[in-house]
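When the count follows the numbering used here, it moves up by one through the sequence shown with no breaks and lands on 137 for the last residue.
Cβ atoms here follow ideal geometry from the backbone N, Cα and C, with glycine treated the same way.
Keep in mind it's a predicted model, so treat the numbers as computed, not measured.
See structure below.
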Amino acid sequence: MFFLLARIVYTFPQARNANRLTCKRADSIMDCISIIDVRYVKEYQIFLIFNTGKIGDVDLRDLVYKNPISEPLRKPEAFLQLHLDCWPTLAWDSGFDVDPESLYFRATGKSLWETKAS
Numbered sequence: 020m021f022f023l024l025a026r027i028v029y030t031f032p033q034a035r036n037a038n039r040l041t042c043k044r045a046d047s048i049m050d051c052i053s054i055i056d057v058r059y060v061k062e063y064q065i066f067l068i069f070n071t072g073k074i075g076d077v078d079l080r081d082l083v084y085k086n087p088i089s090e091p092l093r094k095p096e097a098f099l100q101l102h103l104d105c106w107p108t109l110a111w112d113s114g115f116d117v118d119p120e121s122l123y124f125r126a127t128g129k130s131l132w133e134t135k136a137s
C-alpha cells in the first residue's frame, strides 16, 4: 500500500518487516524514526531503543495527566499494558498512543534531522 504526500512515498510495513516504516524520496532514501523496543522502568517512565541505535529513558507523566484520552493510564496496572503497534508506535488499548518522533526527541533531545546532520 502506498500513499504520496509532499513527494514522499510511505511504504507501510509488511508482515515480515512489521517493525519498519520506510520513507522514500524521489532523490534519496531516508529512514524514519521507529521504536525497536520499549520497557517499563517505574511509575510513568519507560526505556526506549530506536532504530538509529539511540536509547533513552522517557517520563510520560505529563502526557498521561494532560490528555483526557489517557485518563485510564493514570492507574499503574493500565499504564503497564503499553505495547508497540504495527507502525511501531507506543500504544495502549485505551486508544492513547505517542509517536516515535516525539519520544525520540524526549529521549535524546534531538530531532531526526539533527541526528542525520551530526
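Straight-line gap, residue 79 to residue 63 (C-alpha atoms, nearest Å) = Here residue 79 refers to the residue found at position 60 when the sequence shown is read from its first residue. Here residue 63 refers to the residue found at position 44 when the sequence shown is read from its first residue. Each residue's Cα considered, the two are about 5 Å apart.
Could you give the residue range of the beta strand (DSSP E) that holds residue 78?
-> As a working note, residue 78 is residue 59 in the sequence shown. Unbroken beta strand (DSSP E) run through residue 78: 74 to 78.
Residues near residue 92 by beta carbon distance below 7 Å, same chain, minus five either side | Start at 1 with the first residue of the sequence shown, and residue 92 comes out as number 73. Result list for residue 92: 83, 98, 111, 113, 115, in chain order.
Which residue spans inside the stretch 71 to 123 form an unbroken alpha helix (DSSP H) run of at least 4?
-> Secondary structure remark: continuous alpha helix (DSSP H) runs of at least 4 residues inside the stretch 71 to 123, in chain order: 80 to 85, 95 to 98.
Report yes if the CB atom of residue 60 is closer than 9 Å to the CB atom of residue 76, and no otherwise.
-> The sequence position of residue 60 within the sequence shown is 41, counting from 1. The sequence position of residue 76 within the sequence shown is 57, counting from 1. Yes, the pair counts as a contact, with Cβ atoms nearer than the cut-off.
Straight-line CA distance for residue 101 to residue 109?
-> As a working mapping, residue 101 is identified with position 82 in the sequence shown. As a working mapping, residue 109 is identified with position 90 in the sequence shown. Residue 101 and residue 109: Cα-Cα distance of roughly 7 Å.
Anyone know if the C-beta pair for residue 88 and residue 70 falls short of 9 Å?
-> Counted from its first residue, the sequence shown places residue 88 at position 69. Counted from its first residue, the sequence shown places residue 70 at position 51. Their beta carbons are not under 9 Å apart, which means residue 88 does not touch residue 70 by this criterion.
Alpha carbon to alpha carbon, how far is residue 68 from residue 125? Give it in angstroms, no decimals.
-> Here residue 125 corresponds to residue number 106 of the sequence shown, with the count starting at 1. Here residue 68 corresponds to residue number 49 of the sequence shown, with the count starting at 1. Approximately 13 Å between the Cα atoms of the pair.
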